[in-house]
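Position in the sequence shown (from 1) plus 4 gives the number in this note's numbering.
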Amino acid sequence: MECQLCHNYHSKFCCTICLRERLRTYNAELKQINQVKQQKIERANKFLSGSTRKLHISLADKHASLQKLNNLEVEMNKRKEEIIRDRQEIDLRKKNLQSRRQVLLDSRAYFKKFKSHQKILITKDIDNIKEKWRNAHQFLIHSRKVLIGELVSIFDLKKLNDYETKYYQNNGISSNGSNSKLISSIGKVDDDFEYSIAGRSLPKKSDFIRYPPEDINTAVGHVIHILGLIAHYLGVKLPFTLVNKGSNSYAEGSLNEIAESKRPPLFLTAENLESFTVGMAMLNYNIAYLCHTQGIEIPYHKVPHTLHNLSLCCSAPNLGRYGHLTALNRIPDQSFNLDFQEVVRVMLARRNSLDNNIIGTTLNDYFEGDNEDENENEDGETWVLCDTV
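As structure tokens, this is what we get:
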């Protein structure tokens, strides 16, 4: 090529002659390459046609089958390893099962062998616990007796001798009383003041008007106090609540016949004799119930004997053995036989010298009006268990 322009690498253009020359050369080389390509294709078609082609296809299939076989062998080896591990696990579990069966058989044999012996031991343990329980209960009974004995000593609850009885009888009667009232219908002297508490006595026939109110109120206050302590020591719930607040002392409970807004007083004044008598009936009813829990039954005609019944309770042979809060010898039911209305009738009849009959009156007629608290008794029970305050 003699063209100087085409050999200049910095030029972007070629001349016409050089361009034609290059195209001619390119076409010649392309034609030669196509001829070689066609020859190769013809040779390949010739080689692949006939039995040779089938051989190559078989070789390819063989190679694919070998590859698949190798994969299956690898997978099979994995499965074999898993089977070996599972068999080892099965053998281990069989050994554990066998050992556990042996332990079970040994345990059964041990249980059969020592069953009777263990039964004897358990029975002995139960008996020992029961014996300890009884001993603790006996100690509790003794402790209760000691505490109640101390209360009797502190409050000086005692039986008066004949001289003291006559002294209280003669000095307790008000100026408008008559000595003839001391003589009963059969000619014997009434022992209305047979017992005293802290130097004060209470009448047995509910004739409170014949004695100084301050003596009666003092004795009643002491009785409420000692009764609450005795009930607490014995673990007994009393039918009525007794509140000791001096001149504001009262009794309350749940009775269908008594309006719950009414509270009979436990402090005697010149205006509240009727309601005070009902309050004393509730106090005496509590004492009679306390005696009942300790194995002493009080008949109706002796319920008004407040201090006498309290002394009987404190000296009961089975004192401290029974109670609502005692696990052993717990009071099972409310088997108290005394009817509160009958107790009120007895006290009012004795006070009024009637034949145990109250005509035309109800219990509500003997209460002072006190409407501070109004609590309904929806269950309609005849009485409930209350603590003494």
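Glycine is no exception: its CB is placed at the ideal position from the N, C-alpha and C atoms. These figures come from a predicted structure and were not determined experimentally.
Please check the pair L161 and L311, which I expect to be a contact at CB under 8 Å, by giving their CB distance rounded to whole angstroms.
Indeed they touch by this definition, with Cβ atoms about 7 Å apart.
According to DSSP, what are the bridge partners of T245?
E256
For the alpha helix (DSSP H) holding Y237, just list the boundary residues, first then last.
P217 to L238
Do G257 and L144 come within 8 Å of each other at the CB atom, strictly closer than that value?
No; because the gap between Cβ atoms is not below 8 Å, this pair is not in contact.
Expected contact under 8 Å - CB spacing of A200 and L231 to nearest Å:
Checking the displayed sequence, the identity of residue 200 turns out to be Ser instead of Ala. The pair is not a contact, with the Cβ atoms about 16 Å apart (cut-off 8 Å).
Do A320 and Q298 have their CB atoms nearer than 8 Å?
One thing to note: A320 has its Cβ within 8 Å of the Cβ of Q298.
Alpha-carbon spacing of K128 relative to H141, whole angstroms:
19 Å
Closer than 6 Å by C-beta to Y293: which residues in its own chain qualify, once you throw out the five before and the five after it? Chain order, please.
Within the same chain, Cβ atoms closer than 6 Å to the Cβ of Y293 are found at P243 and F340, the five residues on either side in sequence being excluded.
Output yes or no for whether 8 Å exceeds the beta carbon distance between N248 and G225.
yes
Reduced DSSP category for G327 - H, G, I as helix; E, B as strand; rest coil:
strand
Would you kindly work out how many angstroms separate the C-alpha atoms of N74 and N81, rounded to a whole number?
11 Å
Reference Y237; option with closest CA among N313, C318 and N288:
Distance from the Cα of Y237 is smallest, within the candidate group N313, C318 and N288, for C318.
Under the assumption that L270 contacts Y254 (Cβ atoms under 8 Å), give the Cβ distance between them as a whole number of angstroms.
Contact holds; Cβ gap of about 6 Å.
With distance defined between alpha-carbon atoms, name the residue in H328, I213 and F344 nearest to L277.
The shortest Cα separation from L277 among H328, I213 and F344 belongs to I213.
If you reduce the DSSP assignment to three classes, tell me which class K162 lands in.
K162: strand per DSSP, three-state reduction.
What is the DSSP secondary structure of S319, reduced to helix, strand or coil?
Three-state DSSP puts S319 in coil, outside helix and strand.
Close-in-space but distant-in-sequence residues of the same chain around P217 (CB under 6 Å, 5 per side omitted)
L272, listed in sequence order.
DSSP puts N207 in a beta bridge; with which residues?
Note on residue identity: the sequence assigns Pro, not Asn, to residue 207. Bridge partners of P207: none, in fact.
Where does the unbroken alpha helix (DSSP H) through S279 begin, and where does it stop?
L277 to T297
Nearest by alpha-carbon distance to D343: which of L59, A285 and I234 is it?
With distances taken between Cα atoms, D343 lies closest to A285.
Looking at G153 and G239, is the spacing between their C-beta atoms short of 8 Å?
no
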